[in-house]
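Asker: Numbering (the numbering used here), first residue to last: 1 to 402.
For every residue, glycine included, the Cβ atom is placed at its ideal position computed from N, Cα and C.
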Amino acid sequence: MNVLVVNCGSSSLKYQLLDMATERELAKGLFEKIGDQDAMFTHKRPDAEKLERVEPILNHKEALKILLDILVDAEYGVISSMDEIDAVGHRVVHGAEKFADSVLITPAVMDALNECAVIAPLHNPPNIQGIEACQAIMPNVPQVAVFDTAFHQTMPPEAYLYGLPYEAYADWGIRRYGFHGTSHKYVAQRCAELMGKHMSDLRIITCHLGNGSSLAAIKGGRSIDTSMGFTPLSGLIMGTRSGDIDPAIIPFLMDKTGMNYQEIDSMLNKRSGVLGISGVSNDFRVIEEAASKGHKRAQLALNMFHHKVRRVIGSFAAVMGGVDAIVFTAGIGENGIGNRDEICNGLEYLGTRLDTERNNCRGVEREISVEGSKVKIFVIPTNEEIMIARDTQRITATLIGK
Ligand code: ADP
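(1) Which class does V319 belong to by DSSP, given the choice of helix, strand or coil?
(2) Rank N7, L18, S12 and S10 by C-alpha distance to the C-alpha of E389 and give the top, closest one.
(3) Do the stretch 229-243 and the stretch 126-135 make contact, defined as three or more Cβ pairs closer than 8 Å?
(4) Quick check: the Cα distance between L71 and M155, rounded to an integer number of angstroms?
(5) Between G333 and chain D, is the shortest Cβ-Cβ distance under 8 Å, so that the two count as touching?
(6) Is the closest heavy atom of ligand 1 to the C-beta of R241 under 7 Å?
(7) So what's Y15 in DSSP terms, helix, strand or just coil?
(8) Quick one: is the Cβ of F328 within less than 7 Å of any heavy atom of ligand 1?
(9) Secondary structure at S266, three-state DSSP: helix, strand or coil?
(10) With distances taken from CA atoms, which of A217, D38 and P381 is nearest T226?
(11) Would you kindly report the start and end of the unbroken alpha helix (DSSP H) that includes V187?
(12) Taking the beta carbon of L16 as the centre, do at least 16 other beta carbons fall within 10 Å, making it buried, or is it exposed?
(13) Given this structure, state the Cα-to-Cα distance separating V319 from I205, to the nearest angstrom.
(14) Between which two residues does the alpha helix (DSSP H) holding N114 run?
(15) Which residues does DSSP pair with D225 in a beta bridge?
(16) Using the beta-carbon count (16 or more within 10 Å), is I400 buried or exposed?
(17) On the DSSP bridge assignment, give the partners of N59 in chain order.
(18) Can you give me the start and stop residues for the beta strand (DSSP E) that K376 sits inside?
(19) Return the Cβ separation of I85 and M138 in integer angstroms, given the expectation that the two are a contact with Cβ distance under 8 Å.
(20) Under 8 Å between the Cβ atoms of V141 and D391?
(21) Give me the DSSP bridge partner(s) of R24.
(22) Thinking C-beta only, is G181 closer than 8 Å to I119?
(23) Is the separation between the beta-carbon of G363 and that of N339 shorter than 8 Å?
(24) If I405 sits next to L354, beta carbons under 8 Å apart, how far is it from one beta carbon to the other, in whole angstroms?
(25) Which value, in whole angstroms, describes the spacing of the CA atoms of L58 and G35?
(26) Assuming contact is defined by CB atoms lying nearer than 8 Å, are A330 and S183 in contact in what I supplied?
(27) Quick check on this structure: which residue in E32, L68 and K28 has the alpha carbon closest to the alpha carbon of E49?
(28) Take R366 and list the residues in its own chain whose beta-carbon comes closer than 8 Å to its own, dropping the five residues that flank it on each side.
(29) Quick one: what's got a C-beta closer than 6 Å to S469's C-beta in the same chain, skipping five residues either side?
(30) Residue range of the beta strand (DSSP E) that Q143 falls in?
(31) So, does the stretch 188-203 touch the stretch 307-327, judging by three or more C-beta pairs under 8 Å?
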């Protein structure tokens, strides 16, 4: 069975075609700046040169048409006809409380996705556009939605409720949902495999540290707490997002500066985080470079990031009654040697012992704690696409008889 995995952002479309018999990647690529005259398209087959094009692409539907043409192209293609795409798996950011698992997309599911878009106005509409484009172009191919929030639906109410009047939850669905669930689940499963144990016997803290960052407390294979909340704005300090702040700051700033709520929202999402603190960049590589040359605010931004991650690790160890493994993943987690070192520095009371030699690695799957460390530490590159493809296969297998 071949599964096409699609991940649509507001102006981007990321894809991967996988052969599920071997879980081999047949091709992958990315459309950027969709809607612009100079939209960019990159397509890569493992055994061939990368194809890069710049051309006007009006919308996601047009991008998808280009993608399907390339997949069957004589030179760059990997399949001989569109019929060889058996199912499509879509990443959907927000499934609210309606979806605790991936789901076959039906008209009723589309209605529910549109309802979820009310609480995820930035994230769900592009996901829905991508689904509609696929439905229009491949009407007979089953489509599955895989949610970033689903894995965290196992959190207990004491972890997911905010201390607001209960009606905020009952009437408006205001609660912690958590995100990056597909990534947290994948690396936790791999961690258990690497330890030769069952997830049900482990307490794992997964650290997904990228432009957006979140931690999850996974006890017995279930997410029982996570740092992101109602939206992906909360929790850790991130590339451009503030993470947790005292909510009273918002009316205070509105009062003092005259900013309206859209301006506050934009400040919190786009001009805060390590960018706002350092004044240099949201990219950790650039901030580290500046800090190494003595830029004080760049160093402060790094210190703040490490402090917050350590703080959440400590609190998650507390809610799980201990921890057996800590996993680092995503851009910073997989590549940030110094970041991992700083974060782990001071966690020894939990039983962690980082091996600086082993930690000297980027983008590989390996244990980075010393032999015999009570709490194991791992770097595990995330693979959300394989999780989406597996769920898509599981849900559509009987339907298409493969
Ligand atoms: P997202 O998917 O959330 O956009 P990624 O998981 O791709 O983000 O992570 C991107 C971040 O990873 C970049 O901001 C960059 O700072 C960081 N990163 C990538 N490589 C390195 C590295 N070698 N050292 C430190 N940070 C890195």
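Answerer: With the structure as the only source:
(1) V319 sits in a helix when the DSSP states are folded into three classes.
(2) One detail in the question is off: residue 389 reads as Ala in this sequence, not Glu. Measuring from the Cα of A389, the nearest candidate turns out to be L18.
(3) no
(4) Going by the C-alpha atoms only, they are around 40 Å apart.
(5) Absence of chain D from the displayed structure is noted, only one protein chain being present.
(6) no
(7) strand
(8) no
(9) helix
(10) A217
(11) Boundaries of the alpha helix (DSSP H) around V187: G181 to M195.
(12) First, the amino acid is wrong: residue 16 is Gln here, not Leu. Q16 should be labelled buried.
(13) Taking the CA atoms as reference points, V319 sits about 11 Å from I205.
(14) P107 to C116
(15) A217
(16) exposed
(17) None; N59 has no bridge partner.
(18) K376 to V379
(19) The pair is a contact, with the Cβ atoms about 7 Å apart (cut-off 8 Å).
(20) no
(21) D19
(22) no
(23) no
(24) Residue coverage of the chain in this structure runs from 1 to 402, which leaves residue 405 outside it and unanswerable.
(25) 4 Å
(26) yes
(27) K28
(28) R358, F378 and V379
(29) The first residue shown for the chain is 1 and the last is 402, placing residue 469 beyond what the model contains.
(30) Segment Q143 to F147, the beta strand (DSSP E) holding Q143.
(31) yes
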